[in-house]
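Input: a single structure, listed below in structure tokens.
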């Protein structure tokens, strides 16, 4: 069943926002640029998102939702859960690079509502991962989650600044 036109337009704006924010950053992006990318007028953006900040938060929330969905889709046992989740995240990074960029950009935006969204998103990922590790009986779950999250953030930075050697080569896995 097709989505109503209004919902499709909102989705188009959100996806355009993801792309433009990822390429230009938060402060260098305007709603006019997002509207242009979405093929609509700038006032139409405001029909769905009251401010650029609200649109950025919606895009950021989308990015965190995709990460959680990716992790939820990983099927693995205790012995290979961490490796499978890393593999899934790397695949997500390749298929949705804008989400990775948005996380890094979000860290540098000082608006409280965006920082709040970052805290919520990262906390949700941490909590989900910890529960998943615990449910699979992974020893030292807290420490493993911290390492997992740290590696993910390093992967994001490495990807964002195009410096893959930060995370090592294939032989280091």
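Residue numbers (the working numbering): 18 to 190. Think of the CB as a built atom: it goes at the ideal place given N, C-alpha and C, for glycine as much as any other residue.
Can you grab the Cα-Cα spacing for the pair residue i / residue j, in whole Å?
i: residue 161; j: residue 103; result: 12 Å
i: residue 169; j: residue 112; result: 16 Å
i: residue 99; j: residue 53; result: 41 Å
i: residue 188; j: residue 73; result: In this predicted model, residue 188 has a pLDDT of only 42, less than 50, meaning its place in the structure is not dependable; the value taken from the coordinates is given anyway. Between residue 188 and residue 73, the C-alpha separation is close to 37 Å.
i: residue 71; j: residue 23; result: 18 Å
i: residue 140; j: residue 133; result: 10 Å
i: residue 151; j: residue 95; result: 9 Å
i: residue 148; j: residue 177; result: 28 Å
i: residue 164; j: residue 171; result: 10 Å
i: residue 179; j: residue 185; result: 13 Å
i: residue 77; j: residue 27; result: 15 Å
i: residue 29; j: residue 40; result: 17 Å
i: residue 114; j: residue 21; result: 28 Å
i: residue 156; j: residue 124; result: 30 Å
i: residue 55; j: residue 93; result: 39 Å
By Cβ distance below 6 Å, which residues in the same chain neighbour residue i in space, the five residues on each side in sequence not counted?
i: residue 122; result: 42 and 43
i: residue 173; result: 117, 120 and 121
i: residue 46; result: 37 and 38
i: residue 107; result: none
Could you pull out every residue in the same chain whose Cβ sits closer than 8 Å to the Cβ of residue i, ignoring the five residues on either side in sequence?
i: residue 75; result: 31, 34 and 66
i: residue 79; result: 31, 35 and 116
i: residue 183; result: 171, 174 and 175
Under 8 Å by Cβ, that's how I've got residue i and residue j pegged, so tell me the actual separation to the nearest angstrom.
i: residue 84; j: residue 109; result: 7 Å
i: residue 143; j: residue 166; result: 6 Å
i: residue 57; j: residue 37; result: Not really, about 13 Å apart at Cβ, beyond 8 Å.
Between residue i and residue j, is the Cβ-Cβ spacing less than 8 Å?
i: residue 88; j: residue 146; result: yes
i: residue 154; j: residue 81; result: no
i: residue 69; j: residue 48; result: yes
i: residue 91; j: residue 105; result: yes
Just to confirm my understanding: we take residue i, look at its own chain, exclude 5 residues before and 5 after, and list those with CB closer than 7 Å. What are they?
i: residue 128; result: 70
i: residue 60; result: none
i: residue 181; result: 175
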